[in-house]
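The sequence shown lines up with residues 154 to 229 when you count with this note's numbering.
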Amino acid sequence: MNRPLKRWNILDTINATLLIVVILYFIDFKNNAMVSWIFVIVFAFWAITLIARNIMITRMKNDPNHPMHTQDKSQE
């Protein structure tokens, strides 16, 4: 059973909250450069996958021949 895809879910909310906390308190390129770069890379990967997921959902909604097109109408 396939569930409809969501543009934003609870995991994204947690990641966004962690991103804010990391930016405010943990990013310090002068004293802790390696950890700061790891944080930047991890959150950049999350942002890229979030954007890619939204692009995929938009294409699915706009393509009536897509197998999940009718399934996703319940979200609107």
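Don't be surprised by glycine CBs; every beta carbon is placed ideally from N, CA and C.
As the structure is a computational prediction, the values presented were derived from the model and not from experiment.
Bounds of the alpha helix (DSSP H) holding ARG206 are 186-215. Excluding five sequence positions before and after ARG212, the CB atoms of its chain that fall closer than 8 Å to its own CB belong to HIS219, given in chain order.
ILE163 has its alpha-carbon roughly 14 Å from the corresponding atom of LEU172. Taking C-beta atoms as the reference points, ILE180 and SER189 count as a pair closer than 8 Å.
Scanning its chain for C-beta atoms nearer than 8 Å, with the 5 sequence neighbours on each side dropped, one finds around ARG206 the residues LEU158 and ARG160, in chain order.
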